[in-house]
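Residue numbers (our numbering): 179 to 315.
Here's the structure we're looking at; comments come further down.
See below:
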């Protein structure tokens with residue numbers, strides 16, 4: 179913590195994730211790839227570093243990395259699933275300093291626009307939810 183005191187912030191307890199992700203200063207999000215966190219990052223237009231822990235999070239990582247091209251995967255150690263500090267540093271540097279990182283940021287900006295359009299008054303998500311409610315009534 180001392181080493182990064184002047185150059186970043188590490189949150190060790192609960193933080194209002196949606197509010198944080200929507201800050202202009204946020205360049206990326208190290209996420210465990212749970213679906214709510216993924217949706218919050220997509221709507222905020224924030225690219226991700228994918229570090230799944232269990233269950234569907236591994237599938238979500240694959241979708242984010244391979245299909246949507248909105249995340250960089252973190253390589254976990256064999257057996258215990260932990261990640262070395264060296265590996266995490268490598269991925270953060272790749273994310274923030276490489277052409278691939280810029281591509282992720284651009285893709286995330288485009289996906290944000292699409293997500294917001296889908297949630298708009300005539301968007302596909304709004305229409306689908308309206309149809310579902312009509313079926314239930």
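Ideal Cβ placement from N, Cα and C applies to all residues, glycine included.
task: Only counting runs of 3 or more residues, tell me where the beta strand (DSSP E) segments fall wholly within the segment 197 to 224, in order along the chain.
output: Runs of the beta strand (DSSP E) inside the segment 197 to 224: 207 to 209.
message: Using only the alpha-carbon positions, how far apart do residue 129 and residue 276 sit?
response: Limits of the chain in this structure are 179 at one end and 315 at the other, which puts residue 129 out of reach.
message: Could you tell me the alpha carbon to alpha carbon distance between residue 256 and residue 209, rounded to whole angstroms?
response: Here residue 256 is taken as the residue at index 78 of the chain shown, counted from 1. Here residue 209 is taken as the residue at index 31 of the chain shown, counted from 1. In this structure, the straight-line span from the alpha carbon of residue 256 to that of residue 209 is close to 20 Å.
message: Contact defined as beta carbons within less than 8 Å: I believe residue 269 pairs with residue 252. What is the distance between those atoms, to the nearest angstrom?
response: Here the question's residue 269 lines up with position 91 in the chain shown. Here the question's residue 252 lines up with position 74 in the chain shown. Their Cβ separation, rounded to whole angstroms, is 5 Å, which keeps residue 269 and residue 252 in contact under 8 Å.
message: Within 8 Å, do at least three Cβ pairs link the segment 258 to 269 to the segment 187 to 205?
response: As far as the Cβ criterion goes, the segment 187 to 205 does not touch the segment 258 to 269, which means the pair count is below three.
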